[in-house]
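Numbering-wise, my numbering comes out as the position in the sequence shown, counting from 1, plus 1412.
All residues carry an ideal CB built from backbone N, CA and C; glycine is no exception.
Here the structure is a predicted model, which means the values were calculated and not measured.
What follows is a short report on a single structure.
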Amino acid sequence: MTVYITTAGVVQVSSPEEGEIRYYDGIAFNPATDVDEFGRMTIEKSQEFLLKMADQLAFVKENGRYYIVGEYPEIPEEFEWAVGIGINLKSGGRRNFSTLTARKEYLIPNEGSFKKDTTGLIDINDIDSFGITISVLNKDINEDLGILEIAYVIDGTLSDGNDRRVAFVPESGSIPQISYTDSFNFEKMFQW
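Listed below in C-alpha cells is the structure:
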C-alpha cells in the first residue's frame, strides 16, 4: 500500500499489485492486475482462459451421430464467451456454428456445457477444414485484446504449408502472435 501525506491528512491509495484474487476453474484472477484500464481482460490472462476453453471443446461421434461438445470454464461475471466454429466443405459450402448467430440450428450457448448435434447439417465425408475462434469479451463494451484461432485442414495444407495451427492473435498488430500449435492436442479435439 502507498501512503501519501498531504496537508489535509493521510490519503491511502491501493497499489496495482493489490486486489482480491478470485479463482475460476483453477485460474487465479485479480481484477486489479488482470483487467486493463478499458475493462478488457489482459492478454496474458485471456490466453489462460482461452486455452482452457479450447481444451474442453471437441468434435465427437456417438452412436453414429456427430456432435460438437464443450464445457465453458467459469469466468469473471463482467466477461462472456464468444465462439465461432466454421466447417468448410469440399463441395464449396460452409457451416458456421456460433454463440452469436440468430439461426437456431447453428447456435451454440455461451456458458455452461453444450452438446450440439450436427448430424444432418454436415456430411462428414464432405469436410475440408475447420476454423475456430474463441474470445473472452467484456459484456459492457463487447471488446477483447485478442482471440485464439484454431485451424485444421483434413486434406491439404494451410498457407504456411502445415495442416494445423493454433495461435493467440492479439487485437493489436503491433503485438506478435503466440503459437500453441506444437503443444495443442488436436487428436483430443478432432475425433470425427
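Could you check which residue in D1448, Y1479, D1437 and I1480 has the C-alpha nearest to that of F1461? With respect to the C-alpha of F1461, the residue from D1448, Y1479, D1437 and I1480 having the closest C-alpha is D1437.
I'd like to know whether the C-beta atoms of V1548 and I1520 end up nearer to each other than 8 Å. For V1548 and I1520, no; Cβs fall outside 8 Å.
Among all the DSSP beta bridges, which residues are the ones paired with Y1478? Under DSSP, Y1478 shares a beta bridge with K1473.
State the DSSP-derived secondary structure class of D1540, mapped to helix, strand or coil. Looking at D1540 - three-state DSSP - the assignment turns out to be strand.
As a quick exercise: from A1440, Y1478 and L1463, pick the residue whose alpha carbon is nearest that of V1581. Of A1440, Y1478 and L1463, the residue nearest in Cα terms is L1463.
Can you look up A1514 in the DSSP assignment and give me helix, strand or coil? If DSSP states are grouped into helix, strand and coil, A1514 belongs with coil.
Let me check understanding here. Comparing Cα to Cα, which of K1473, I1553 and M1601 lies closest to V1578? Distance check between V1578 and each of K1473, I1553 and M1601 places M1601 closest, using alpha-carbon atoms only.
In three-state terms, what does DSSP make of E1460? Here E1460 sits in helix by DSSP.
Assign K1457 to one of two classes, buried (16 or more other C-beta atoms within 10 Å of its C-beta) or exposed (fewer than that). By the neighbour-count definition (other C-beta atoms within 10 Å, threshold 16), K1457 is a buried residue.
Here's the rule: buried if 16 or more other CB atoms are within 10 angstroms of the residue's CB, otherwise exposed. What is I1539? Buried, because 16 or more other Cβ atoms sit within 10 Å of the Cβ of I1539.
Can you tell me the Cα-Cα spacing of E1432 and I1587, whole angstroms? Whole-angstrom Cα-Cα distance: 29 Å.
Anyone know if the C-beta pair for Y1479 and K1527 falls short of 8 Å? Yes; because the gap between Cβ atoms is below 8 Å, this pair is in contact.
S1510: which of L1501, S1503, N1522 and D1594 sits nearest, CA to CA? Measuring C-alpha to C-alpha distances from S1510 to each of L1501, S1503, N1522 and D1594 identifies N1522 as the nearest.
Straight-line CA distance for T1531 to A1514? Cα-Cα distance, rounded: 19 Å.
F1596: first and last residue of the uninterrupted alpha helix (DSSP H) it sits in: Run containing F1596: none; DSSP gives neither H nor E here.
According to DSSP, simplified to helix, strand and coil, what is A1444? In this structure, A1444 counts as coil in the three-state DSSP scheme.
Can you give me the Cβ contacts of F1598 inside the same chain, cut-off strictly under 7 Å, excluding the 5 residues immediately before and after it? So the list reads Y1564 and R1576, once near-sequence residues are dropped.
Got a sec? Which residues, its chain only, sit under 8 Å from N1500 by beta carbon, not counting five neighbours each side? Exclusion of the five residues before and after N1500 leaves R1506, I1539, D1540, S1541, F1542 and G1543 as the residues of its chain whose Cβ lies within less than 8 Å of its Cβ.
Could you check what DSSP says for I1455 in three-state terms: helix, strand or coil? In this structure, I1455 counts as helix in the three-state DSSP scheme.
Given a cut-off of 8 Å on the beta-carbon distance, is the pair I1553 and F1450 in contact? Contact flag set, yes.
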